[in-house]
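Just so you know, the protein sequences line up as chains X and Z, in that order. The opening position of the first sequence corresponds to residue 18 in our numbering, with each subsequent residue numbered one higher. The opening position of the second sequence corresponds to residue 18 in our numbering, with each subsequent residue numbered one higher. Ideal placement from N, C-alpha and C gives every residue a C-beta, glycine not left out. Please read all numbers here as calculations on a predicted model, not as lab measurements.
Protein chains: 2
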Amino acid sequence: MEDPMQFVLDSRLATDTIVLGDMLLSRVLLMNDARFPWLVIVPRRPSLREFLDLAATERAILMEEIAKASAALKDVTQAEKLNVAALGNMVPQLHIHVIARFAGDPAWPNPVWGRGQAVPYETDSVEKFAAEIGHKLGFV
Amino acid sequence: MEDPMQFVLDSRLATDTIVLGDMLLSRVLLMNDARFPWLVIVPRRPSLREFLDLAATERAILMEEIAKASAALKDVTQAEKLNVAALGNMVPQLHIHVIARFAGDPAWPNPVWGRGQAVPYETDSVEKFAAEIGHKLGFV
């Protein structure tokens, strides 16, 4: 049984992603879907479902961590547009998607969720991409 | 021709929504779609496309305005889940969706975007809903 006082990454997020590193508040994950360059930001606090479950000071930190992750993703991918979203209809643990979008990507101009099956990265390319993002965020 | 130094609400947002009022930074709109209780938050600054286009101090204000709008929407609708998203693939002006979700709503558990046609509110019900949200946000 999970300790409600302790942060544990949701099992579906753990399955679908690769851990890049931790910022002050949040863990940064890379979605293992080569179709879309896609980070997931998860505040490391237990029992969060909504932004409203955080204190205002933590929300301010979270916003800056979203901005840092957004800037790193944009720099590395030259994204034409960023999609930033906290949905949580399927995975209740609060997590924020930060997705690099391009006119002509497999879902454009629609949102990416629920569009076919994820295409896992090749090992070499995910290592390169993870290192580039990690470098921008000071993890490596 | 639009003045790039002046905020003008995007014409599609203006068409699809009803203005509820202004917070310090953002205009609060109600999406005219009775299927989903749905606010749209638009920072009143010209030429914004991404969170990254705002200064950090303005991002902190925006996060608190998103939280206030979220709390108002949750209080009024008793939402089971909130969806918060800045997409902008179709409407480039930075705008943040805050949507009340319910298990069993017409899109659940998928995102709401691109699911059929909007169903405009009846005049009475939109006036009541707008007044309730506006009251929570101090507009009326």
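Who are the neighbours of residue i on chain Z, taking C-beta pairs under 9 Å?
i: residue 41/X; result: None at all; the shortest Cβ gap to chain Z is about 14 Å.
i: residue 102/X; result: 100, 101, 102, 103, 104, 114, 128
Note down, in chain order, every chain Z residue with its Cβ under 7 Å from the Cβ of residue i.
i: residue 80/X; result: 76, 77, 80
i: residue 55/X; result: Those within 7 Å of residue 55/X in chain Z number zero; the least Cβ separation is about 14 Å.
I'd like to confirm the pairing. Which residues does DSSP put opposite residue i in its beta bridges?
i: residue 130/Z; result: In DSSP, residue 130/Z forms no bridge with anything.
i: residue 36/Z; result: 46/Z
i: residue 117/X; result: 99/X
How big is the Cα-Cα spacing for residue i and residue j?
i: residue 21/Z; j: residue 25/X; result: 46 Å
i: residue 88/Z; j: residue 95/Z; result: 10 Å
i: residue 91/Z; j: residue 99/Z; result: 8 Å
i: residue 55/Z; j: residue 156/Z; result: 17 Å
i: residue 133/Z; j: residue 121/Z; result: 16 Å
i: residue 129/Z; j: residue 126/X; result: 14 Å
i: residue 97/Z; j: residue 42/Z; result: 27 Å
i: residue 154/X; j: residue 69/Z; result: 15 Å
i: residue 71/Z; j: residue 149/Z; result: 30 Å
i: residue 103/X; j: residue 58/X; result: 10 Å
i: residue 108/X; j: residue 29/X; result: 7 Å
If I follow the unbroken alpha helix (DSSP H) through residue i, where does it start and stop?
i: residue 155/X; result: Neither: residue 155/X is in no alpha helix (DSSP H) and is coded neither H nor E.
i: residue 33/X; result: 28–33
Cβ closer than 8 Å: which chain X residues qualify as neighbours of residue i?
i: residue 87/Z; result: 67, 68, 69
i: residue 127/Z; result: 106, 130, 131
Mind pulling the chain X residues with CB within less than 7 Å of residue i?
i: residue 118/Z; result: 106
i: residue 15/Z; result: Examination of residue 15/Z is not possible in this model, given that chain Z is present from 18 through 157 alone.
So residue i is in the beta strand (DSSP E); what residue range does that whole segment cover?
i: residue 44/X; result: 43–48
How would you list, in chain order, the residues of chain Z whose beta-carbon sits under 8 Å from the beta-carbon of residue i?
i: residue 10/X; result: Outside the displayed span of chain X (18 to 157) sits residue 10/X, for which this structure offers no information.
List the residues of chain X that residue i touches, going by C-beta distances under 9 Å, in chain order.
i: residue 51/Z; result: Correct list: empty, because the minimum Cβ distance to chain X is about 20 Å.
i: residue 72/Z; result: Going along chain X, no residue has its Cβ under 9 Å from residue 72/Z, so there is no contact; the nearest lies around 10 Å.
Given the structure, does residue i come close to the ligand SAM, in the sense that its CB is under 7 Å from one of the ligand's heavy atoms?
i: residue 52/Z; result: Judged by which ligands are present, the structure shown has none, so any question about the ligand SAM falls away.
Could you pull out every unbroken alpha helix (DSSP H) segment of at least 4 residues lying fully inside the segment 54–114 of chain Z, listed in chain order? 73–94
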